[in-house]
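Residue numbers (our numbering): 224 to 441. Glycine residues also receive a C-beta, built at the ideal position from the N, C-alpha and C atoms. Step one of this worksheet: look at the structure below.
Written as structure tokens, this is what we have:
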């Protein structure tokens, strides 16, 4: 007889307007469906406090429907993950950021503990890079970890013809809260700009102050 259709559910951290969830869930949907899988996606809803009961109900329903349930960037409390794991034993945690490092305005220890709990309850962890996979294994040694890089489809974007004339454009894109990451390059960027080897173009809602670098903001 005909093989049963595998049903894959995604509980994403964001909707498809945010790159992380778009690349690691929404963009994969047509490819998975082409393989004969059935895919449903439930994003975390806003505003959080008012939407918690509805979100828990939708998540539990998705867990019951799915053959495999993928929980992206787990931030939820332990009881929520326990509920999912009781309903669906094929719970997969997907991580493409060092969630345990947190943000300046968050309680990092709490985020790290929640992540570790989710990993312990999961049957598998999918990491976006080898570095993240090593971090997960260091934190939770018994975790089964596989690497699935965050990829984009190049054919969807126009190609730029490059030449050796003039400085190269070095681009950076991200949310304003991550602009501080550019500080990692504050020693080398001014040198390359001064020698007219590069120009820096930043796509973000905010701006970064890098001495010696007159970046173009888009």
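Please list, in chain order, all residues of the same chain as residue i whose beta carbon is under 8 Å from its beta carbon, the five residues on each side excluded.
| i | result |
| --- | --- |
| residue 236 | 243, 244, 266, 267, 295, 296 and 298 |
| residue 420 | 390 and 391 |
| residue 346 | 312, 313, 314, 315 and 367 |
| residue 321 | 355 and 358 |
| residue 376 | 250 |
Which one of the options has the shortest CA to CA distance from residue i?
| i | options | result |
| --- | --- | --- |
| residue 291 | 303, 263, 277 and 369 | 263 |
| residue 258 | 435, 229, 375 and 282 | 229 |
| residue 409 | 391, 422, 436 and 441 | 436 |
| residue 416 | 407, 301, 256 and 390 | 390 |
| residue 426 | 361, 307, 439 and 344 | 439 |
| residue 395 | 231, 431, 369 and 362 | 431 |
| residue 277 | 303, 254 and 253 | 303 |
| residue 252 | 241, 399 and 232 | 232 |
| residue 401 | 365, 429, 369 and 378 | 429 |
Under DSSP, the alpha helix (DSSP H) around residue i begins and ends at which residues?
| i | result |
| --- | --- |
| residue 301 | 301-310 |
| residue 422 | Taken as a continuous stretch (DSSP letters only), residue 422 belongs to no alpha helix (DSSP H), being part of the beta strand (DSSP E) at 421-426. |
| residue 255 | 252-257 |
| residue 230 | Where residue 230 is concerned, there is no enclosing alpha helix (DSSP H), although the beta strand (DSSP E) it sits in stretches over 230-235. |
| residue 361 | 353-362 |
In terms of residues, what are the limits of the beta strand (DSSP E) holding residue i?
| i | result |
| --- | --- |
| residue 261 | 261-266 |
| residue 369 | 368-370 |
| residue 350 | 347-350 |
| residue 246 | Counting along the chain, residue 246 falls outside any beta strand (DSSP E), though it belongs to the alpha helix (DSSP H) covering 242-247. |
| residue 317 | 314-318 |
| residue 393 | 391-396 |
In the structure shown, what three-state DSSP assignment does residue i receive?
| i | result |
| --- | --- |
| residue 384 | coil |
| residue 404 | helix |
| residue 418 | coil |
| residue 323 | helix |
| residue 339 | helix |
| residue 291 | strand |
| residue 431 | coil |
| residue 238 | coil |
Can you give me the Cβ contacts of residue i inside the same chain, cut-off strictly under 7 Å, excluding the 5 residues immediately before and after it?
| i | result |
| --- | --- |
| residue 275 | none |
| residue 310 | 283, 286 and 287 |
| residue 335 | 323 |
| residue 340 | 301 and 304 |
| residue 280 | none |
Among residues of its own chain, excluding the 5 on either side of residue i, which ones have a beta-carbon nearer than 6 Å to its beta-carbon?
| i | result |
| --- | --- |
| residue 423 | 393, 436 and 438 |
| residue 246 | 373 |
| residue 191 | Because the chain spans 224 through 441 in this model, residue 191 falls outside it and cannot be assessed. |
Taking 6 Å as the line, does the beta carbon of residue i fall inside it for any heavy atom of the ligand GDP?
| i | result |
| --- | --- |
| residue 423 | Absent from the structure shown: the ligand GDP. Ligands present: none. |
Touch test, the stretch 377-388 against the stretch 401-408, Cβ-Cβ under 8 Å, three pairs minimum: Put simply, the stretch 377-388 does not touch the stretch 401-408. Fewer than three CB pairs are less than 8 Å apart.
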